[in-house]
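>
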Amino acid sequence: MSKIIIGIAIVAVLGGGIWWFMSMQQAYAPQSMPQAAQNTALVQPTAGTQPGSNAVVDNSDAALGADLSSVDNQMNGLNTDSAAADQSLTDKPVAQDQL
Amino acid sequence: MNYKYISIVFAGVALTAASVMPAMAQQTAASSTRTAARAMALEARIAKAKTHADQELDRRVTSLNALATRVNDMKKITDAQKSSLTAAITDQVNTVTALKAKIDADTDVATLRADIQSITKSYRIYALILPQASLVAAADRAMDVASSMSALAGKLQARISTLQTSGTDVTALQAAYADFNLKIADANTQANAAVTEAVSLKPDNGDKTVMAANVAALKDARKKVQAAQQDLVVARKDAETIVRGIRKDKGNASSSDSSASYGDQNGTSTEGSH
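Note that the protein sequences, when read in sequence, are chains A and B. Take any residue in the first sequence, count from 1 to its spot, add 166: that is its number in our numbering. Take any residue in the second sequence, count from 1 to its spot, add 129: that is its number in our numbering.
Shown next, in the form of structure tokens:
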């Protein structure tokens, strides 16, 4: 009889321990969230970054001038690429010797 | 009698041998000299042939490596298209490098002859990949320029609207703006079509019909890239027209930036519609 009581006590203690362990896991669950997800959650509410609300577009004269300069640089690159394409279409191999 | 006869025969043979042997020796020496000369001439021809082969193969590797770098920098084509071009270029570089090593090590004339002939045969693959990747690179650049111009279009539209709101006649600016957008759109269309046409071409493997189709497709893709380039040149002029118009009308209307000047392009200005 006493063995049965001791057995029940052990089972009760083990059950209580498991319950306590599970409770602690649930309590700390939010802290195990991936760091990136936490960062995202922190960044999302930041004001002024949502499209259409506080988006800033610099269309000043200086900005337009800078954009045109940038386009000019890209156009120079296009000219170079275009010339390379022309050259590739008229490529001639080095003549090989007949042995 | 017999001794006398035998002596005469021997003497005759000796005299004949004495007169013929030097001549034969001379002939043998001359023959050896000619053989050595021929061998030297052949060696010289082999060396020259190897030099020309190396020149061609080095030239291909150099241009293919430069092209690989350019392909890697492309911004607008798909990853699959970029991978396809890169794989084709890498394969060619490996093939050409291996062929060069083999030719440099060749000692047998027949083998060297065959390897040199393979340079000419493999040129058809190189002659496809080189313009193919070059045209795609140019088209990709055209699309990149068009993208930058599209971003600029929004800013120009905002400035034109500001002028219009203030009562300025913006008819000319709007016409230039409409043409600006039209040219950008067409440049994109042409460049995209050029990429589609060029990127899928495959080596002809000796099939003359395929080769002719490849050549025709490359030339057509080239025309499309040229058309895109011309569109962008016109669009750039339109943008210049609009910006000059905005600057000209600046004194007559309130703009989003009333104090910065168009000439201030050094990026130091902090004024604007922030």
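Heads up, the beta-carbon is just placed ideally off N, CA and C, and yes, glycines get one too.
Quick one: complete alpha helix (DSSP H) runs, 4+ long, within the segment 290-367 of chain B?
300-328
> What residues of chain B sit near Asn-242 of chain A, judged by a beta carbon separation below 8 Å?
Here residue 242 of chain A refers to the residue found at position 76 when the first sequence is read from its first residue. Per Cβ cutoff of 8 Å: no residues; Asn-242 of chain A is ~10 Å from chain B at best.
> Between the Cα of Ala-322 of chain B and the Cα atoms of B:Asp-183, B:Thr-191, B:Ala-356, B:Ala-182, which residue gives the shortest distance?
The sequence position of residue 322 of chain B within the second sequence is 193, counting from 1. The residue with the shortest Cα to Cα distance from Ala-322 of chain B is B:Ala-356.
> Report the rounded CA-to-CA distance for Pro-200 of chain A versus Asp-247 of chain A, giving the unit in angstroms.
Residue mapping note: residue 200 of chain A aligns to position 34 of the first sequence, counting from 1. Residue mapping note: residue 247 of chain A aligns to position 81 of the first sequence, counting from 1. Unreliable placement is indicated for Pro-200 of chain A, whose pLDDT of 40 sits below 50; the coordinate value is still reported in the next sentence. Cα-Cα distance, rounded: 45 Å.
> Identify which residue in B:Ser-247, B:Pro-260, B:Ala-176 has its Cα closest to the Cα of Lys-348 of chain B.
Translated into positions along the second sequence, residue 348 of chain B becomes position 219. Of B:Ser-247, B:Pro-260, B:Ala-176, the residue nearest in Cα terms is B:Pro-260.
> State the CB to CB distance for the pair Val-354 of chain B and Leu-264 of chain B, rounded to an integer number of angstroms; the pair is presumed to be in contact (CB under 8 Å).
Taking the first residue of the second sequence as 1, we reach residue 354 of chain B at position 225. Taking the first residue of the second sequence as 1, we reach residue 264 of chain B at position 135. With 8 Å as the limit, Val-354 of chain B and Leu-264 of chain B qualify as a contact, their Cβ atoms being about 6 Å apart.
> Cβ of Val-260 of chain A within 8 Å of Cβ of Arg-188 of chain B?
In the first sequence, the residue the question calls residue 260 of chain A occupies position 94. In the second sequence, the residue the question calls residue 188 of chain B occupies position 59. Against a cut-off of 8 Å, the Cβ pair of Arg-188 of chain B and Val-260 of chain A comes out as a contact.
> Under a CB-based cut-off of 8 Å, is Leu-234 of chain A close to chain B?
Taking the first sequence and counting its residues from 1, one reaches residue 234 of chain A at position 68. Chain B contact via Cβ: present.
> Are the C-beta atoms of Val-222 of chain B and some chain A residue less than 8 Å apart?
Translated into the one-based positions of the second sequence, residue 222 of chain B becomes position 93. Judged by the 8 Å Cβ criterion, Val-222 of chain B is not in contact with chain A.
> For Lys-177 of chain B, go through chain A and note every residue whose CB falls closer than 8 Å to its CB, in chain order.
The sequence position of residue 177 of chain B within the second sequence is 48, counting from 1. Within 8 Å Cβ-Cβ: Asp-263.
> Less than 8 Å separating the beta-carbons of Asp-367 of chain B and Lys-312 of chain B?
Here residue 367 of chain B refers to the residue found at position 238 of the second sequence. Here residue 312 of chain B refers to the residue found at position 183 of the second sequence. Closer than 8 Å, so yes.
> Taking Cβ-Cβ distances shorter than 7 Å, what residues in chain A pair up with Met-278 of chain B?
Taking the first residue of the second sequence as 1, we reach residue 278 of chain B at position 149. Those are Val-237, listed as they occur along chain A.
> Go ahead and pull the three-state DSSP assignment for Asp-237 of chain B.
Here residue 237 of chain B corresponds to residue number 108 of the second sequence, with the count starting at 1. Residue state, collapsed to three classes: coil.
> Taking Met-203 of chain B as part of the alpha helix (DSSP H), name the residues at either end of that continuous run.
Stepping through the second sequence from its first residue, residue 203 of chain B is reached at position 74. Counting along the chain, Met-203 of chain B falls outside any alpha helix (DSSP H), and DSSP gives it neither H nor E.
> Mind checking Thr-236 of chain B: buried by the 16 CB within 10 Å criterion, or exposed?
Counted from its first residue, the second sequence places residue 236 of chain B at position 107. Counting Cβ neighbours within 10 Å, Thr-236 of chain B comes out exposed, since fewer than 16 surround it.
> Using the C-alpha atoms, what's the distance from Thr-300 of chain B back to Leu-208 of chain A?
Against the first sequence, residue 208 of chain A aligns to sequence position 42. Against the second sequence, residue 300 of chain B aligns to sequence position 171. In this prediction, Leu-208 of chain A has a pLDDT of 33, which is less than 50 and means its spatial position is unreliable; nothing more can be read from the coordinates.
> So which of B:Thr-180, B:Lys-133, B:Met-278, B:Lys-211 has the shortest CA-CA distance to Asp-233 of chain B?
As a working note, residue 233 of chain B is residue 104 in the second sequence. Of the candidates B:Thr-180, B:Lys-133, B:Met-278, B:Lys-211, the one whose C-alpha sits nearest the C-alpha of Asp-233 of chain B is B:Thr-180.
> Compare the beta carbon distance of Ala-341 of chain B and Ala-271 of chain B with 8 Å and say whether it is the shorter of the two.
As a first step, residue 341 of chain B is located in the second sequence; it is residue number 212 there, counting from the start. As a first step, residue 271 of chain B is located in the second sequence; it is residue number 142 there, counting from the start. In this structure, Ala-271 of chain B does not lie closer than 8 Å to Ala-341 of chain B by Cβ.
> Report the neighbours of Ala-197 of chain B on chain A: residues whose CB is nearer than 7 Å to its CB, in chain order.
If you number the second sequence from 1, residue 197 of chain B lands on position 68. Within chain A, no residue comes near Ala-197 of chain B; the closest Cβ sits about 13 Å away, beyond 7 Å.
> Answer with buried or exposed for Ser-226 of chain A, where buried requires no fewer than 16 other C-beta atoms within 10 angstroms of its C-beta.
Residue mapping note: residue 226 of chain A aligns to position 60 of the first sequence, counting from 1. Its Cβ being crowded by 16 or more others within 10 Å, Ser-226 of chain A is buried.
> Measuring only between beta-carbons, confirm whether Tyr-252 of chain B sits less than 8 Å from chain A.
Within the second sequence, the letter at position 123 stands for residue 252 of chain B. So yes, Tyr-252 of chain B belongs to the interface.
> Along chain B, in chain order, which residues have C-beta atoms closer than 7 Å to that of Val-260 of chain A?
For the purposes of this step, residue 260 of chain A is taken as the residue at position 94 of the first sequence. Here the neighbours are His-181, Gln-184, Glu-185, Arg-188.
> Just to confirm, is the Cβ distance from Ala-197 of chain B to Thr-162 of chain B under 8 Å?
Here residue 197 of chain B refers to the residue found at position 68 when the second sequence is read from its first residue. Here residue 162 of chain B refers to the residue found at position 33 when the second sequence is read from its first residue. No.
> Mind checking if Ala-368 of chain B is an interface residue toward chain A, Cβ cutoff 8 Å exclusive?
Counting from one through the second sequence, the residue named residue 368 of chain B turns up at place 239. Chain A contact via Cβ: present.
> Counting only Cβ pairs nearer than 8 Å, list the residues of chain A close to Ser-295 of chain B.
Locating residue 295 of chain B in the second sequence gives position 166, counting from the first residue. The premise fails here: Ser-295 of chain B is roughly 15 Å from chain A at the closest Cβ pair, so nothing lies under 8 Å.
> When you compare the segment 222-239 of chain A with the segment 275-291 of chain B, are there three or more beta-carbon pairs, one atom per stretch, that lie closer than 8 Å?
yes
> Are the segment 304-311 of chain B and the segment 238-253 of chain B touching by the rule of at least three beta carbon pairs closer than 8 Å?
no
> My understanding is that Ala-327 of chain B touches Ala-345 of chain B, with C-beta atoms under 8 Å, so please give their C-beta distance in whole angstroms.
By 1-based counting over the second sequence, the position of residue 327 of chain B is 198. By 1-based counting over the second sequence, the position of residue 345 of chain B is 216. Contact between Ala-327 of chain B and Ala-345 of chain B fails: their C-beta atoms lie close to 12 Å from each other, not under 8 Å.
> Am I right that Val-238 of chain B and Leu-265 of chain A are in contact with their C-beta atoms under 8 Å? What's the rounded C-beta distance?
For the purposes of this step, residue 238 of chain B is identified with residue 109 of the second sequence, where counting begins at 1. For the purposes of this step, residue 265 of chain A is identified with residue 99 of the first sequence, where counting begins at 1. Confirmed, about 6 Å.
> Applying a beta-carbon distance threshold of less than 7 Å, which residues of chain A neighbour Pro-260 of chain B?
On the second sequence, position 131 is the one that residue 260 of chain B refers to. Near Pro-260 of chain B (Cβ distances below 7 Å), the residues of chain A are Ala-251, Ser-254, Leu-255.
> Leu-255 of chain A lies in the alpha helix (DSSP H); which residues open and close that run?
If you number the first sequence from 1, residue 255 of chain A lands on position 89. Counting along the chain, the alpha helix (DSSP H) containing Leu-255 of chain A begins and ends at 227-255.
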